[in-house]
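Everything below concerns the one structure shown next.
Residue numbers (my numbering): 265 to 678.
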């Protein structure tokens, strides 16, 4: 067994308790956590993710799931003494017990759920820090006394193998996760109204999928995907008609491939897409049809360029560095500011990096996005603190599941 997983005190070990994780399941919140942990591994942390729903084969209790990141069974993970514990709903209580056992700070993830319910979860868990996946989520947590840090789900635009190639001619209109909450019924209506177009449905890792889509002649339904590159290679436009959305990681992945995105008016998508991509009410079927036709026709190149621009605006370098500093502060790890700084030419965000580090080499390659800042320029790094945004208003929370509801119901609600 690797010393990176086995029990014992590791000064910078971070254990994250989640429902699942890639490669077992590719869900935005869990994928974002593993990507964050992989980044932290490059910054000197020893991260372990504990996917509580995974059934480990006999004789196996750990495996590497990402560069620098191990997944471990709950029994194995609980035998360790981490410096920091991270918890997803509905496993925050397990994470809290682990933190108390190790005498470590507790960080709670906030990536979905009604504001009032989520604030109650935070109050009950009493973590040392809450990490929200967007300012949209952070707004509802100001009613608690717990500090809130914003870490957008990391998507690295340069990882796309379709960057700069334009929308795929003759490609599909794609929906990822065909549950009702993610817009499965709306897409079924659009497919009926637009029989000349090909629709591609990628089933989701959670939520009951809309079965009527399988009966439509112009709809192809494929299973849950571990690697989305093949999906993006045959996608011309992505639909994100979510009833609620805390961010929209799949939308950023599509934009990174130059694929136009059409979204709903959900608050998280407002923050994620900004003004780059069209957004429409869910009851405006004619508007959705017109937006799809535009994305496939006259507006294709314009939206392709806008998608790439928005993806690079959302480059995660500054947020990840800020998160590293915030976590290090919780365990008393002093990280001096580096004099080497880069500025995102699109957003003005600044990030300090260590000379010769992988982070510096990455930013140097992205010279059209990140420019080196003069040594005497005042440092203005991203803090990750949620700031006020009057356009982000709170929507009424739906009723929570009963206490006796299945875990899947709670996970979907969260």
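Ideal placement from N, C-alpha and C gives every residue a C-beta, glycine not left out.
May I have the straight-line CA-CA distance separating residue i from residue j, to the nearest angstrom?
i, j, result
"residue 460", "residue 498", "16 Å"
"residue 205", "residue 519", "Coverage of the chain is limited to positions 265 through 678, which leaves residue 205 absent and any answer about it impossible."
"residue 393", "residue 276", "17 Å"
"residue 446", "residue 546", "11 Å"
"residue 574", "residue 610", "9 Å"
"residue 373", "residue 412", "10 Å"
"residue 620", "residue 577", "24 Å"
"residue 516", "residue 383", "27 Å"
"residue 581", "residue 540", "21 Å"
"residue 391", "residue 483", "45 Å"
"residue 421", "residue 471", "28 Å"
"residue 490", "residue 634", "30 Å"
"residue 345", "residue 417", "27 Å"
"residue 450", "residue 363", "44 Å"
"residue 406", "residue 457", "44 Å"
"residue 622", "residue 280", "24 Å"
"residue 637", "residue 606", "5 Å"
"residue 359", "residue 480", "45 Å"
"residue 352", "residue 377", "12 Å"
"residue 535", "residue 596", "33 Å"
"residue 309", "residue 322", "29 Å"
"residue 510", "residue 478", "28 Å"
"residue 616", "residue 585", "8 Å"
"residue 283", "residue 317", "6 Å"
"residue 400", "residue 598", "30 Å"
From the DSSP secondary-structure annotation, give me the bridge partner or partners of residue i.
i, result
"residue 463", "437 and 483"
"residue 326", "336"
"residue 280", "313 and 350"
"residue 295", "Paired residues: none, contrary to the question."
"residue 373", "395"
"residue 507", "In the DSSP output, where bridge partners are listed per residue, residue 507 has none listed."
"residue 488", "None; residue 488 has no bridge partner."
"residue 526", "503"
"residue 473", "443"
Helix or strand or just coil, what does DSSP make of residue i?
i, result
"residue 614", "strand"
"residue 311", "strand"
"residue 540", "coil"
"residue 582", "helix"
"residue 635", "strand"
"residue 500", "strand"
"residue 561", "coil"
"residue 289", "coil"
"residue 607", "strand"
"residue 448", "helix"
"residue 380", "helix"
"residue 556", "helix"
"residue 415", "coil"
"residue 302", "helix"
"residue 443", "strand"
"residue 587", "helix"
"residue 390", "coil"
Please go through the same chain and pick out, in chain order, the residues whose beta-carbon is closer than 7 Å to the beta-carbon of residue i, but skip the five residues on each side of it.
i, result
"residue 430", "Note on residue 430: pLDDT 42, under 50, position unreliable in the model; the coordinate value appears next. So the qualifying residues of the chain are 522, 565 and 568."
"residue 285", "294, 298, 313, 315, 329 and 335"
"residue 387", "408"
"residue 588", "304 and 307"
"residue 473", "442, 443, 448 and 467"
"residue 356", "372, 385 and 389"
"residue 436", "462, 463, 464, 498, 499 and 500"
"residue 320", "337"
"residue 296", "397, 417, 418 and 513"
Please classify residue i: is it buried, with 16 or more other beta-carbons within 10 angstroms of its beta-carbon, or exposed?
i, result
"residue 468", "buried"
"residue 655", "The predicted model places residue 655 with a pLDDT of 38, which falls under 50 and marks its position as unreliable; any figure quoted below should be read in that light. Exposed is the call here."
"residue 628", "exposed"
"residue 550", "exposed"
"residue 300", "buried"
"residue 592", "buried"
"residue 506", "buried"
"residue 287", "exposed"
"residue 493", "exposed"
"residue 548", "exposed"
"residue 600", "exposed"
Between residue i and the rest of its own chain, which residues show a CB-CB distance below 6 Å, the 5 nearest in sequence each way excluded?
i, result
"residue 302", "330, 331, 332 and 333"
"residue 524", "501, 559, 567 and 571"
"residue 396", "374, 402, 412 and 414"
"residue 542", "526 and 555"
"residue 369", "348, 392 and 594"
"residue 476", "452"
"residue 311", "278, 301, 304, 305 and 333"
"residue 266", "Reliability fails at residue 266, whose pLDDT of 44 lies under 50, so the model's placement of it is uncertain and no value is given."
"residue 424", "520 and 521"
For residue i, collect the residues of the same chain with a Cβ closer than 8 Å to its Cβ; drop the 5 residues on either side in sequence, then sort them by chain order.
i, result
"residue 488", "289, 290, 466, 467, 468 and 469"
"residue 618", "602, 604 and 624"
"residue 529", "543, 544, 545 and 546"
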